[in-house]
Amino acid sequence: MDEEIQESINKECNDVVYWKKKEEQAKEAGGKSEDRLLDFLEAHYKDQLPTDDKFADIKIGKYEICVSNHRNRYNTIIYVEEYNEPPTPATLESATAENAPSWALSALASLLSKNEEE
3 MDEEIQESIN
13 KECNDVVYWK
23 KKEEQAKEAG
33 GKSEDRLLDF
43 LEAHYKDQLP
53 TDDKFADIKI
63 GKYEICVSNH
73 RNRYNTIIYV
83 EEYNEPPTPA
93 TLESATAENA
103 PSWALSALAS
113 LLSKNEEE
């Protein structure tokens with residue numbers, strides 16, 4: 003095999019091994035941070051945690067944390083996401099007040115007239 007090809011293969015193998023190790027490190031670090039978060043929730047938000055195999059969404063600051071209970075023995079974190087408020091629906095008045103471009107006002111007017119017809 004050509005020496006240049008062999009070097010390229012070795013480099014790619016090294017990259018694969020490197021990123022696999024990084025992935026394992028990230029997974030381990032993520033697990034530890036979830037454990038610390040769960041410890042904090044169990045200490046300070048005990049009244050909001052689920053019971054009887056149920057789920058609970060706990061909102062803290064800008065985060066929503068979904069916690070699952072397992073047979074009243076232990077809790078696990080299902081997900082942690084940044085909570086985003088749903089946007090305020092646009093109205094013709096609000097678009098006009100914000101000096102929306104004419105094409106946006108036309109589109110909004112046509113949508114509103116379709117909704118009124120229905």
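Each residue of the sequence shown is one higher than the one before, counting from 3 in this note's numbering.
From the three backbone atoms N, C-alpha and C, an ideal C-beta is built for every residue, glycine too.
Classification of residue i by the beta-carbon crowding that lies within 10 angstroms, buried from 16 upward
{"i": "L114", "result": "exposed"}
{"i": "I11", "result": "exposed"}
{"i": "V69", "result": "buried"}
{"i": "L94", "result": "exposed"}
Spatially closest choice to residue i from the options, by CA coordinates
{"i": "A45", "options": "A31, K22, N77, V18", "result": "N77"}
{"i": "D37", "options": "V82, T90, D59, N16", "result": "V82"}
N- and C-terminal bounds of the beta strand (DSSP E) containing residue i
{"i": "E83", "result": "76-84"}
Neighbourhood of residue i by C-beta distance below 7 Å, restricted to the same chain and skipping five residues each side
{"i": "Y85", "result": "K61, K64, Y65, E66"}
8 Å CB neighbourhood of residue i in its chain, flanking five on each side removed
{"i": "T72", "result": "Correcting the residue identity first, residue 72 is His in this sequence and not Thr. Here the set comprises D55, T78."}
Residues near residue i by beta carbon distance below 6 Å, same chain, minus five either side
{"i": "E25", "result": "none"}
Checklist line | Secondary structure, beta strand (DSSP E): runs of 3+ residues fully inside the segment 36-66 | finding: 57-62
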